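What the sequence shown shows, in my numbering, is residues 7 to 83, in sequence order.
Yeah, the Cβ is synthetic: ideal placement off N, Cα and C, and Gly gets one too.
All values reported here derive from a predicted model rather than from experimental measurement.
Each remark here refers to the structure printed beneath this line.
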Amino acid sequence: MTIEKCQNHCRERSTKYAGLQHGQLCYCGNTYETYGPLGGDHCGMECAGDPTEFCGGYLANSIFSTPVKIISTKTFH
């Protein structure tokens, strides 16, 4: 799992946030749940798909917004 793969997975499900946990788990949602932010020191596990990225920690999610999906574009002259 990578940050980009999780973001794209969650965007396809029309959710606002992508959460990565334990280096390889991807969760999608529209709210931050009960516990709120913990701080970066809890999210130091390398992503299984890219060891240069960090994907959460033990019972801690790294949260990212999902990319905006452009439905269509029009050019006006």
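Quick check on this structure: which residue in the options has the alpha carbon closest to the alpha carbon of residue i?
i	options	result
Gln-30	Ser-71, Cys-49, Thr-72	Cys-49
Glu-39	Glu-10, Phe-60, Lys-22, His-28	Lys-22
Phe-60	Asn-36, Gly-46, Thr-72, Ser-71	Gly-46
Cys-34	Ser-68, Tyr-41, Gly-25	Gly-25
Ile-69	Cys-32, Glu-18, Ser-20, Arg-19	Cys-32
Quick one: using the 10 Å Cβ neighbour count with 16 as the cut-off for buried, is residue i buried or exposed?
i	result
Leu-65	exposed
Gly-42	exposed
Gly-36	Just to set this straight, residue 36 is Asn in the shown sequence, not Gly. That one is exposed.
Thr-58	exposed
Bridge partners for residue i per DSSP, in chain order?
i	result
Ile-9	Answer by DSSP bridge pairing: none, since Ile-9 is not bridged.
Throw me the rounded Cβ distance for the residue i and residue j pair, which I believe falls under 8 Å.
i	j	result
Met-7	Gly-55	5 Å
Discussion item. In chain order, what are the residue ranges of uninterrupted beta strand (DSSP E) at least 3 long that sit wholly in the stretch 17-63?
Written reply: 23-27, 31-35, 56-60
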